[in-house]
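So the structure is just underneath, and the comments pick up after that.
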Ligand code: F3S
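Written as structure tokens, this is what we have:
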């Protein structure tokens, strides 16, 4: 699994960082960034929760084919 944050959409609400702090991290640009790739299996549930919770749907999750 791979996750990305669209910086054109992210408003820096930090919800994803609260939900999944081992994967998402706020950086100096004011946007959340994905810190690990691929997403470890034990982090996949919270990544999906973050994707569902982001108020501007800035998080995309890709499953490998
Ligand atoms: Fe940005 Fe959404 Fe996270 S707005 S900080 S990607 S919850």
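Numbering (my numbering), first residue to last: -16 to 48.
Think of the CB as a built atom: it goes at the ideal place given N, C-alpha and C, for glycine as much as any other residue.
- Residue 12 has its alpha-carbon roughly 24 Å from the corresponding atom of residue 32.
- With a cutoff of 7 Å, residue -1 counts as near the ligand F3S, since its C-beta is closer than that to a heavy atom of the ligand.
- In this structure, residue 30 and residue 0 do not form a Cβ contact; the two beta carbons are roughly 12 Å apart against a cut-off of 8 Å.
- Cβ atoms of residue -7 and residue 39 come within 8 Å of each other, at about 7 Å.
- Ranked by Cα distance from residue 21, the options 46, -12 and -11 are led by 46.
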